[in-house]
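Quick notes on the structure that follows.
In the working numbering, the protein residues as written are 417 to 612.
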């Protein structure tokens, strides 16, 4: 089993973050999942966002490298040091100086090869057969985009139900996505199935 965390950054997960909402998955990950990962000796591969401007389509700026909001909430002792920095919801979209607080950010561009190589280095190749468990924020945005990309690359992917939430934090929205949308690309898995 390989675990990939998406956007578990303070901007989304901590009170005061620009995109923060109270979400049940946040205490679950901090108080239950990460201690479990530590105890079992698993490593978490991490995808984070650098949403500085400029970006095609404009928008607002968030998860700015060097700021409190950019910081990860995945504990360093369970995290793989090779972090993938994306610039849009899809993890294949990156930018020059992504994650570098001192570098001028370039416009986002797709880097399928780079993302594929990062996955091979952190979770293994798709044909190695390891099941990938996705966690993070949000299941109606970046987690869904990551799920789609991983599936297209040939990975067997599960979404840990207790370790994801929607942007709004609404449980009805989350349940709808887990039951009706996620199964097109992977399968939801409950904590009780992962840790019987």
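For glycine and all other residues, C-beta sits at the position ideal for the given N, C-alpha and C.
Computed from a prediction, not measured in an experiment: that's the story for all the values here.
Distance between residue j and residue i (C-alpha atoms, nearest Å)
i           : j           : result
residue 480 : residue 468 : 6 Å
residue 426 : residue 553 : 11 Å
residue 491 : residue 450 : 8 Å
residue 418 : residue 511 : 26 Å
residue 578 : residue 440 : 8 Å
residue 461 : residue 602 : 18 Å
residue 562 : residue 551 : 10 Å
residue 487 : residue 527 : 23 Å
residue 545 : residue 609 : 19 Å
residue 433 : residue 422 : 16 Å
residue 607 : residue 584 : 22 Å
Environment of residue i [buried if 16+ CB atoms lie within 10 Å]
i           : result
residue 524 : buried
residue 505 : buried
residue 574 : buried
Helix, strand or coil at residue i according to DSSP, with G and I counted as helix
i           : result
residue 443 : helix
residue 601 : coil
residue 574 : strand
residue 434 : coil
residue 525 : strand
residue 425 : strand
residue 508 : coil
residue 490 : coil
residue 548 : strand
residue 559 : helix
Per DSSP, cross-strand counterpart(s) of residue i
i           : result
residue 581 : 553
residue 465 : 502
residue 607 : Its beta-bridge partners do not exist; DSSP assigns none.
residue 477 : Its beta-bridge partners do not exist; DSSP assigns none.
residue 596 : According to DSSP, residue 596 bridges with nothing at all.
residue 565 : DSSP output for residue 565 lists no bridge partner at all.
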